[in-house]
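A quick write-up on the structure given underneath.
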Amino acid sequence: MFDVETGKVIEAIEKLGKKNPKVIFQAPEGLKLSVEKEIEKIKEYFKQKGRDVELYLWGNTCFGACDLIDNHVKNLDVDLIIHYGHEKLSYANPEIKTLFIPAYHIFEKDEKEKILNDIKNFIEKQKSEGKKVAIATTVQYKKLLRDFNPSIILGCRGEVEEGDVILFVGTGRFHPLMIAYKYQKEVFIYNPVSKCFDKISEDEINKFIKKRISAISKLMLNKPEKVGVVLSTKKGQCRKKVFNEIIKLLEENNINYITVVVDNISPEMLFYDVDCYIIVACPRIVLDDYILYKKPIYTPEEFKLFLKNSFEYKFDEIKEDDF
Ligand code: SF4
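So the sequence shown is numbered by this note's numbering: it starts at 107 and just counts up by one.
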């Protein structure tokens, strides 16, 4: 269950002070059906008050707070966008008023107590061994863990507060693996759904890094003659500085290229006559989905490693000054 904060959404619509406000709801796939019900509920609320509202559900993607739709919905004269599942990013600013609803995970009282106790016990145990624990999580668990002051992790950015060991509270292994490699620290995982602890092993990190290094080595063995440089127009992914830097490097290294600008990057869209692609967009496209693409795909950081002949792997992280 997720907290879709109906009251907050209604308040934001009312605050617009419009007679017939137009509002569009954007949500990740996993939340779309709940948001469909929300729209019904909110419509009914305004109907009871004798007010007319135009509510739309965005049928396309909502990959992250990087994936904003203000430019897509300008023609609809929308007054407000309700964006579910994420918090606003400092470097992605919508031009239409947008309310971010993080959709915090809701737990039953006894479940919540168990989770907090498990984490407290873990911290105590580490403390008894002289180790300070840094807590990291994703936005869905931010509210649940507020007393622990957690660092919030994105798939394209992992910054964690000081600690001897890191406890990642969440589901999935990509985020903890990325921070384990980046900080070179022990990273434990606590899954609040299964209530189980786990740990990222050296072996798991090495396997992941080896796969990417092996892909980069292929470039070293066979220097590409022509590459596709793909830039996403999504506001929080459209890293123009990184894109320009890559173009400059390609020119300096006499590598021919074609630039492709798209909103959603998918395997069907990349059918050009090139040896590989550099994806200036969400790093997870390369790291999670490379297997789906016909031609090899690389992050800008990976391509730079090839040009430098280096095997010191670096995750591609999106930063404020990339834009
Ligand atoms: S760029 Fe990718 S990892 Fe980063 S917020 Fe967007 S979807 Fe998530």
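Every residue gets a Cβ at the ideal spot worked out from N, C-alpha and C, and that includes glycine.
Cutting at 8 Å between CB atoms, please list the residues of its own chain near residue i, excluding the five before and the five after it.
i	result
residue 256	241, 242, 243, 247, 248 and 275
residue 332	361, 362, 363, 364, 379, 380 and 381
residue 392	385, 403, 404, 405, 408 and 422
residue 398	373
residue 429	197, 344, 345, 346 and 347
Taking a contact to mean a Cβ-Cβ separation below 8 Å, would you say residue i touches residue j in this structure?
i	j	result
residue 171	residue 194	yes
residue 354	residue 382	no
residue 361	residue 330	yes
residue 380	residue 348	no
residue 306	residue 282	yes
residue 137	residue 209	yes
residue 197	residue 426	yes
residue 304	residue 295	yes
residue 108	residue 212	yes
residue 261	residue 390	yes
Report all residues from its chain with a CB closer than 7 Å to the CB of residue i; omit the five preceding and five following residues, and keep chain order.
i	result
residue 118	186 and 205
residue 315	287 and 419
residue 267	240 and 257
May I ask whether a heavy atom of ligand 1 can be found less than 7 Å away from the beta carbon of residue i?
i	result
residue 424	yes
residue 242	no
residue 169	yes
residue 246	no
residue 173	yes
residue 261	yes
residue 132	no
residue 388	yes
residue 342	yes
Mind reading off the beta-carbon distance from residue i to residue j? Whole number of angstroms is fine, and I expect it under 8 Å.
i	j	result
residue 174	residue 200	5 Å
residue 271	residue 291	6 Å
residue 337	residue 367	5 Å
residue 229	residue 245	Incorrect: roughly 21 Å between the Cβ atoms, too far for contact.
residue 218	residue 250	7 Å
Give me, in chain order, the residues of the same chain whose beta-carbon lies closer than 6 Å to that of residue i; leave out the 5 immediate sequence neighbours on both sides.
i	result
residue 221	298
residue 189	132, 204 and 206
Self-check item: Cβ contact (3+ pairs, closer than 8 Å) linking the region 335-348 and the region 167-182
Solution: yes
Practice problem: Flag this pair as touching only if the region 125-132 and the region 154-169 have three or more C-beta atom pairs under 8 Å; answer yes or no. | Solution: yes
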